[in-house]
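Just remember that my numbering sits 797 ahead of the position in the sequence shown, which is counted from 1.
For each residue, glycine too, the CB sits at the ideal point set by N, CA and C.
Reviewing the structure listed below.
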Amino acid sequence: MEYPVTPKPEAVEDLPTVELGVVPASKAVEDLPTIKTEIPSTSPQVENLPAVRFGVVPAPKAVEDLPTVKMGASPSLHFAETKERNQKSTGKGGKGLLIRVAQLKKTFSPSSLKQMTKRQRLSLAVRLLLVFCILAPLAGGIVYAMQGLTTYNSLREHANQGVQHFQNIKTLLSGSTALNPAQKQPNILNEQKLKLSLKELQDARTEFTIAQQTLNTSSFVHLVEQNSSSYQQQIVAARQALGIGIEATYMGEDALHLVMKLAPKLSKPLLASSKDPLVTSSDLALIQQTLKIMQPRFERITTSLHQLSLDALPLSDQQRAQAKQYLQLLPQVEQGFSLANNLTSVAGWLLGVDKQRTFLVQTMDRGELRATGGFNGQYGELTVSGGRFSPLTLKDISLIEYVAGNPTNGQLAPSAYRSWWPFANWGVRDANLSADFPTSAKIITDLYHSEVNRDVDGVIMFSPFLIERVLEVTGPITINEYHETITSQNLEERLHYYQLDNAGIRKAELVEHVEDPAQARKLFTSRLAKVLMERIQSAPLNDLLLLGTMFMQNLKTKDLEVYLNNEQAQSLLSRYGYAAEIDRSTTHDGLYIVQANVSASKASQFTRSIFKDNVTLDAQGGATHVLQIRLAYNQIGSVYGLDTLRDYVRIYVPSSAKFLGGDGFYTNDPLCGGGFGTCSRDGIYSHQQLICPPGQYEAGASAPMLDDPYYQQWHPLNQIGEPTNFQSDEPGRAMFAGYLVVPKNCTLSASVSWYVPPMGKDPYQLLVQRQSGTFPELDLSLLPPSGNCASLSSQGVYYNGPLTQDRLFQSKSPTNAVANNNNCYPGPGV
């Protein structure tokens, strides 16, 4: 008997369709874990047997690519199509699907079942059970796969939404006058934007919390975590990331609540003159309380971040790269948070909350280089009360020290520096003799009290580099009376013009209506400082934040140096590397080259300082240094003084260092010039340590110096040799020092060699310190011992570039070492 077939429509597309697909997902199904069930075996090579897998058939990348099963309204297919498919399924042209359906119907009819024997019914039941056992795990796998896909999509969606809320906060609160000059108040002080940011934080926490709860309660996640070790790391990383996000929202709320309370004060010019205090003791108490609440949250975040594996998170390459950049900033963030915590304890003292504070401010002229960065020709007093700064007026220090009856008359430098300091009448202007800024600052505060009978709470010095960077933030400054516009590019040149050039001094006399050149020469600088301070005091918060960041960086480079007469505050500067101290460590090697121009001229600005140090390590970890110092003096402008450069150079090294030899330093033995005959046109030293244009080997005149045998005469060029001073003026440091004398447009080379025994630290480390007011060119080679590279504990290091701040160099472990290869050094030849 044949079943009738419903006529086939003209086109299959005309049939109504029921589409069977999977829940739409953004993640490919193949990313879901596969549940594996191994078949036990008594074979000794069980691991070689294939495993029976009940899992999900690999799926295409997108759900849209899945084929759609279309079922028409007709109960049966066209007979011819059915017959063809039946033939393919049987492989030998069976009677077709209709016959099989009829047979099945007959088999399972009530009458047929009754006619079966007990054994036949049992056999049928067993076969049905086997079919169920095969199909049930497959169906269960599909169900779990669908559940896993849904769980994954939910987690990803909530996490992404939480991150998006953080991005919204960044958009709300970002904005600066640099990007938008018309915007004078930063968004972080806008009350409406602060409220919107709080709402975004709350929404972010909600999203992260839902995702966290899903991870912790999902049976599918629990099953995967228990049975798939490859996914355990991803689940752990997801929990850590969500916990970090939740803690960050709480910290953000604490910070925003604090800002909202302080915003009314911060919205006004912070440094403007006012009788109302900017900071009160209650403000500081509020800040301390907020930081105390944030501290444990911050510690939990940093601990989790250190443990977090970014590679285990489902991030795109761009997201992962961005996250790694943020993680690299973590040490700075940790240091900043720690510094903020510690600063609150001394902020009251520093900002004059309890009592007005007074700080001595001194400029440093790097054209006349001194140990802390330059000659101190001008000074002023900066007072702070309740966070408000008084206007700063700079004065000429010579108006105090070059008058009759001043304590500086006839005064000598301290004994530690007296052997080389050449001038009498020593005072505040020359007191920065130590490269260790706290040492110089203490000397200066004592001298200042002696000279002006005033006590100060600290000393602040800055080089022209700092002012140049301030001008880059504030913009050029116009001094209308002088018809001058000062920029970061012409600052030094215009200062020297009005201080030292006769034409500039005369112009200052006319503008300022004075007839005393000594009084007039610093008045332009005073006007510039006044206008600059007014610009800073009226600056919007955005610019002040930029300046604050820049000041912190300049503390690192020593172009801004600060000493505080408060033990707790000074210890904080030292702890965070802001104290401009000389390194006295006994755990690593060190090198600090300090120059002092005693020529009574501004020749330093035209002199290149080039330091080349070849350091060879021995098998025990000791280091042999061969240092070459080259001073290339090219006088391309006025030096406002005598032509010949006289630099006193001190080389500070660890106290255990052993001197080996040196050359190029001035001795007391005259060679030629002055009253000792004409110097050769083409060179005077056997190894060409001094190279000058032909006929310019002349020392010329010198400023009046103590015990000068050639007073008011032309000086000769002396013979050269090893350093002349080995008595260190810094505790905990050995010193090799002496004069380097360089005529105009000449280049002098000096050398020093010493050995530093092992410092007890592996690998070898060398800290090279930078002197304020300089950008020396450093050529450094750290060379491992010659011999078998494979047996070495270090590999060569090479650096060639400017030294912009203190820098630590460390030897590296050898890679791909080759036995009996003497060339372990990877850099260019020395």
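query = Around the C-beta of K1541, are 16 or more other C-beta atoms found within 10 angstroms, so that it is buried, or is it exposed?
reply = buried
C-alpha gap between I1098 and N1139, whole angstroms = 20 Å
Quiz item: Is it the case that the Cβ atoms of P1438 and G1170 are separated by a distance below 8 Å?
Solution: Note that residue 1438 is Gly in the sequence shown here, rather than Pro. Their beta carbons are not under 8 Å apart, which means G1438 does not touch G1170 by this criterion.
Could you please give the first and the last residue of the uninterrupted beta strand (DSSP E) stretch that includes W1551?
1544 to 1553
Which residue spans inside the segment 956 to 1034 form an unbroken alpha helix (DSSP H) run of at least 4? With a minimum length of 4 residues, the continuous alpha helix (DSSP H) runs that stay inside the segment 956 to 1034 are 988 to 1014, 1016 to 1024.
Look at the alpha carbon of H1246 and the alpha carbon of D1444, and state the distance between them as a whole number of angstroms.
-> 30 Å
**Study point:** Nonlocal neighbours in the same chain, by C-beta distance under 6 Å from A1500, ignoring five residues either side
**Key:** A1397
For this session: Report buried or exposed for V1200, applying the criterion of at least 16 other Cβ atoms within 10 angstroms of its Cβ.
Result: The residue is exposed, with fewer than 16 neighbouring Cβ atoms inside 10 Å.
- Mark H1512 as exposed unless 16 or more other C-beta atoms lie within 10 angstroms of its C-beta, in which case mark it buried. buried
key: Euclidean distance between Cα positions of Y1561 and S1583   = Annotation: Y1561 to S1583 spans about 16 Å, alpha carbon to alpha carbon.
Can you look up H1484 in the DSSP assignment and give me helix, strand or coil? coil
- Task: Helix, strand or coil for K1609, going by three-state DSSP, please let me know.
- Result: strand
Fill in: Spatial neighbours of S973 in its chain, beta-carbon cut-off 6 Å, leaving aside the 5 residues before and after
Legend: pLDDT at S973 = 47, less than 50; position of this residue unreliable, value from coordinates given subsequently. The answer, listed in chain order, is N1339.
Q) When the Cα atoms are used, what is the spatial distance from Y1176 to G1470? A) 40 Å
task = Apply the 10 Å Cβ neighbour rule to S1113 and answer buried if 16 or more other Cβ atoms are within range, or exposed otherwise.
result = exposed
Query raised in the report: Say the cut is 7 Å; is the CB of Q1510 nearer than that to a heavy atom of the ligand ADP?
Result: The ligand ADP is not part of this structure, which contains no ligands at all.
_Within a Cβ cutoff of 7 Å, which residues of the same chain sit near S1101, ignoring the five residues on either side of it in sequence?_
Q1037, G1040, I1041
Open item on the list: Restricting to runs no shorter than 4 residues, where is the alpha helix (DSSP H) found entirely within the segment 1159 to 1245?
Closed with: 1195 to 1198, 1212 to 1215
(request) Just confirm the distance between the C-beta atoms of K992 and L970, as a whole number of angstroms; I'd bet it's less than 8 Å. (result) Not confirmed; about 12 Å, so no contact.
Check your understanding: Which residue comes first and which comes last in the beta strand (DSSP E) that contains G1459?
Key -> 1455 to 1460
| query | Among the residues of its own chain, which have a CB less than 6 Å from the CB of M1347, if the five just before and after it don't count? | reply | R1266
Margin query: Out of R1251, S1064, A1228, which one is the CA nearest neighbour of Q1208?
Written below: A1228
Once the 5 residues before and after Y1508 are set aside, which same chain residues still bring their CB inside 7 Å of it?
P1501
>> Let me check one thing: in DSSP terms, what residues is A1420 bridge-paired to?
In response: L1414, V1553
Proximity of I1688 and I1390 at Cβ, strictly below 8 Å | A query on residue 1688 cannot be resolved here, the shown segment of the chain reaching from 798 to 1627 and no further.
- For A1035 and M1057, the rounded distance between their alpha carbons: 33 Å
*asked:* Would Q1023 and A1109 qualify as a contact pair, given that the criterion is a beta-carbon distance under 8 Å?
replied: Cβ atoms of Q1023 and A1109: not closer than 8 Å.
Q) How would you label A1336, buried or exposed, when you count the other beta carbons within 10 angstroms and need 16 or more for buried? A) buried
Point to revise | For N1339, three-class secondary structure by DSSP | key: helix
Per DSSP, what are the beta-bridge partners of L1600 in this structure? Bridge partners of L1600: none, in fact.
Secondary structure at T1322, three-state DSSP: helix, strand or coil? helix
| said: I'd like the span of the alpha helix (DSSP H) that includes R1097, first residue to last. | reply: 1078 to 1104
Measure the C-alpha to C-alpha separation of T1087 and A1137 and round it to an integer number of angstroms.
-> 11 Å
**Prompt:** Anyone know if the C-beta pair for F1259 and T1160 falls short of 8 Å?
**Reply:** yes
Q: Give every residue of the same chain whose Cβ lies closer than 6 Å to the Cβ of G959, excluding the five residues on either side of it in the sequence, and list them in chain order.
A: Only A1001, E1004, F1005, G1042 meet the Cβ criterion.
Practice problem: Identify, in the order they occur along the chain, each residue of the same chain with its Cβ nearer than 6 Å to the Cβ of I1084, setting aside the five sequence neighbours on each side. | Solution: Cβ neighbours of I1084 beyond the five flanking positions: T1141.
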